[in-house]
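For reference, the structure is listed below as structure tokens.
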Amino acid sequence: MGEEKKYNRRDFLATGARFSLAFGVLGLAGIAAQNSRAGGTVWQIDPFKCTQCGRCATDCVLSESAVKCVHAYDLCGYCDLCGGYFKPGVTDLNTGAENQLCPTAAIERKFIEEPYFEYIINEELCIGCGKCVKGCTSFGNGSLHLQIRHDLCDNCNECAIARVCPSDAIRRVQANDPYLIKGDFTASEKTTWTNKI
Amino acid sequence: MQNKMIKYFLLVLAILIVAIIATNYIGNKPKNAKQNPYEYNVEEFKTVPDSLISHTEVRQVKITVKQHGSLTSFDNTIWFSADNSVKNLSLEGKILADFTVSEPVRAIAVTSDLVVVAYEKKFAAYSHDGEKAFESDVITDSTYITSVAFLNGKIVIADAGKRKIYIYDKNLKGREIEGISGAKNLHGFVIPSPYFDVAVSASNELWAANTGMHSLQHYDENGNLLDSWEKISNNIDGFCGCCNPAHFALMNDGRFVTSEKGLTRIKIYSRTGELESVVAGPDVFVEDGHAPEVAVIGDTVIALDFDRKMIRIFGKRESK
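Listed in order, the protein sequences are those of chains A and B. Counting in my numbering, the final residue of the first sequence is number 201, and the numbers go up one at a time with none missing. Counting in my numbering, the final residue of the second sequence is number 376, and the numbers go up one at a time with none missing.
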């Protein structure tokens, strides 16, 4: 009768360590594979939740905010009296600096045909304050909206503007689909025109 | 002694670190937001002089509604439609009739024998008891109906998607109005957003809100422009934003009750477009809310407040 091998404490610890190591390596490989497939996540603004509080311009850690105004042309009414371009109460609808709502004159107004005008954002001048977005949303179709530009964003672990956003409008989205552009993107249970009616 | 000093030092340091973290955590919260240096301020336009207020709210009727509906008046009662439901209410809020229809209703008009409901791309007619009389075909794929009215027994449909008005006879044969007649209106209806209302006066005048022009326009059945007026201003006497008035109704004497979005307000204009009074100012409605659809029974103005989910009834205020 052979001697029965004893499974002592040392063996138990050695086996446990091997299994832990194996699980750890497999787990890391799994996470890496998932990240590689999904491309990670980045911060983005949900334009249907944004309340244009101005903090994207003041609280981004970058000296020039990574948040810019973008224009969904398919939603724009091409209005003469554009609530996103003109200050409230303006009577002369011309491009005089005193009539413009944007603090950095980052919106260009271009005549198309009577009575339609196109509004183009100059992103180099835009500071992401959302003033035009508020005017457009309140008095127009809401075609102007804010987005985080990923060629500028540092994708901080904890986004400074997401933390202070009063409407929880900033969330992580998949990096391979990083923009929530109005027109292409519609919030659940909302469609573009149905939402306005 | 030295150990004790180190302990005290570490304790003070720990308290300091906790205090800094707590201050940062509590101070930098959304609710503690600083004054927005880029605030879009329209406060000065929200004030309405008391002398201009002609009505006071006399009743509110709670409604259950998921999508913005429509409302009109007939025979001193309210006809209200939203989602797939049509209801006839007394001014006291009592339900007089109630029936369901096949699609969500965008607009409603009522005569002595018919209730016409407009869906997004077509319309249907029912009896007052909810029995279906007929239903039209889809007008066009890009049609977006925003208003319906009756003109000399014909059905008038406002299509914001195509920027046209259609007039249908009893055989559902249609005629189009593009609003291009008249020297001042060569570009037709300018409808930047889905607000395009039509109404017919007691004297059978067809009026349309050319919202992009901030104008109310009177057309004949052939699409000839007969009369119009416009007021562009953020001030109380005009229409603001890209596209107003979002809704309007006609009083028996031909005066206009208008409803605006942006600065939500309901006003009364004379037949020639002079502001007469304010029924309800922006302070009565939710900020940046929907423009309430309006209807009129005598001097009483009825508003569909989608944001507060209620029908609000404004009676004429006693003169002081």
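For glycine and all other residues, C-beta sits at the position ideal for the given N, C-alpha and C. All values derive from a computational prediction rather than experimental measurement.
Are residue i and residue j close, meaning C-beta to C-beta below 8 Å?
i: C136/A; j: I111/A; result: yes
i: D63/A; j: A164/A; result: yes
i: K118/B; j: K365/B; result: yes
i: T202/B; j: Y251/B; result: yes
i: Q104/A; j: Y89/A; result: yes
i: A165/B; j: T199/B; result: no
i: A181/B; j: L170/B; result: yes
i: A302/B; j: A351/B; result: no
i: L150/A; j: C54/A; result: yes
i: I236/B; j: D215/B; result: no
i: I152/A; j: H75/A; result: no
i: V114/B; j: D139/B; result: no
i: S257/B; j: G329/B; result: no
i: N92/B; j: G93/A; result: no
i: Y94/B; j: P107/A; result: yes
i: A179/A; j: G34/A; result: no
i: V342/B; j: D355/B; result: no
Examine chain B for any beta-carbon lying closer than 8 Å to the beta-carbon of residue i, and answer yes or no.
i: K194/A; result: Here K194/A scores only 39 on pLDDT, less than 50, and its place in the model is too uncertain to base an answer on.
i: S142/A; result: yes
i: K53/A; result: no
i: E118/A; result: yes
i: L150/A; result: no
i: C85/A; result: It is worth fixing the name first, because residue 85/A is Leu in this sequence and not Cys. L85/A counts as touching chain B.
i: C133/A; result: yes
i: K200/A; result: In this prediction, K200/A has a pLDDT of 37, which is less than 50 and means its spatial position is unreliable; nothing more can be read from the coordinates.
i: A61/A; result: yes
i: G81/A; result: yes
i: W197/A; result: Per-residue confidence for W197/A stands at a pLDDT of 38, beneath the threshold of 50, marking its modelled position as unreliable; no derived number is given.
i: P1/A; result: No answer is possible for residue 1/A: the residues shown for chain A start at 5 and end at 201.
i: N103/A; result: no
i: N145/A; result: yes
i: G58/A; result: yes
i: K138/A; result: yes
Chain A beta carbons: is any one of them nearer than 8 Å to that of residue i?
i: F101/B; result: yes
i: G337/B; result: no
i: N266/B; result: no
i: D54/B; result: No statement about residue 54/B is possible, as the shown extent of chain B runs from 57 to 376 and does not include it.
i: V246/B; result: yes
i: P348/B; result: no
i: E159/B; result: no
i: N92/B; result: yes
i: S249/B; result: yes
i: Y182/B; result: no
i: E234/B; result: no
i: N290/B; result: yes
Just to check, is the beta-carbon of residue i closer than 7 Å to a non-hydrogen atom of the ligand NAD?
i: I116/A; result: Summarising the ligand content, the structure contains no ligands, and the ligand NAD is consequently not present.
Counting only the same chain and skipping the five closest in sequence on each side, list residues whose C-beta sits under 7 Å from that of residue i.
i: T167/B; result: F206
i: S69/A; result: C60, A61, I131, G132
i: S166/A; result: Looking at the sequence provided, one finds Ala at residue 166/A rather than Ser. Closer than 7 Å at the Cβ level, and outside the excluded window around A166/A, lie W47, I174.
i: I116/A; result: Y82, E122
i: R219/B; result: G244, F245, I247
i: P182/A; result: V46, Q48, H154
i: T99/A; result: R113
i: A255/B; result: A205, W263, F304, A305, L306
i: D293/B; result: K287, L331
I'd like the list of long-range same chain contacts for residue i, defined as Cβ closer than 8 Å, with 5 residues on each side in sequence excluded.
i: L319/B; result: V98, F101, K102, N290, C296, G297, P338
i: R373/B; result: I109, S110, H111, T112
i: I367/B; result: Q116, V117, I119, L127, I134, F136, L145, G149, I358, A359, L360, D361
i: F190/B; result: A180, A181, L228
Beta-carbon within less than 6 Å of residue i's beta-carbon, same chain only, minus the 5 sequence neighbours each way: which residues are those?
i: F155/B; result: V142, G186
i: L156/A; result: A70
i: N132/B; result: I353
i: K317/B; result: A302, A347
i: Q56/A; result: G134, V137, K138
i: E234/B; result: K220, G244
i: V212/B; result: A205, I223, V254
i: N145/A; result: L79, G81
i: F23/A; result: none
**OP:** For the stretch 310-367 of chain B, list the beta strand (DSSP E) runs that are entirely contained and at least 3 residues long, ordered along the chain.
**Re:** 312-316, 321-325, 331-336, 349-353, 356-361
**OP:** Please specify which runs of the beta strand (DSSP E), each continuous and at least 3 residues long, are wholly inside the stretch 19-69 of chain A, giving them in chain order.
**Re:** Every beta strand (DSSP E) stretch that sits fully inside the stretch 19-69 of chain A and reaches 3 residues is listed by chain position as 45-49.
Original post:
Three or more C-beta pairs closer than 8 Å, one from the stretch 175-183 of chain B and one from the stretch 152-161 of chain B: is that the case here?
Top reply: yes
**OP:** Examine the Cβ distances between the stretch 319-333 of chain B and the stretch 279-287 of chain B and report whether three or more of them are shorter than 8 Å.
**Re:** With a cut-off of 8 Å, the stretch 279-287 of chain B and the stretch 319-333 of chain B count as touching, because enough Cβ pairs lie within range.
Subject >> Segments of 3+ residues assigned as beta strand (DSSP E) that fall wholly inside the stretch 73-127 of chain A >> reply: 111-117, 120-125
**OP:** Entirely within the stretch 128-186 of chain A and at least 4 residues each: give me those alpha helix (DSSP H) ranges in chain order.
**Re:** 135-143, 164-168
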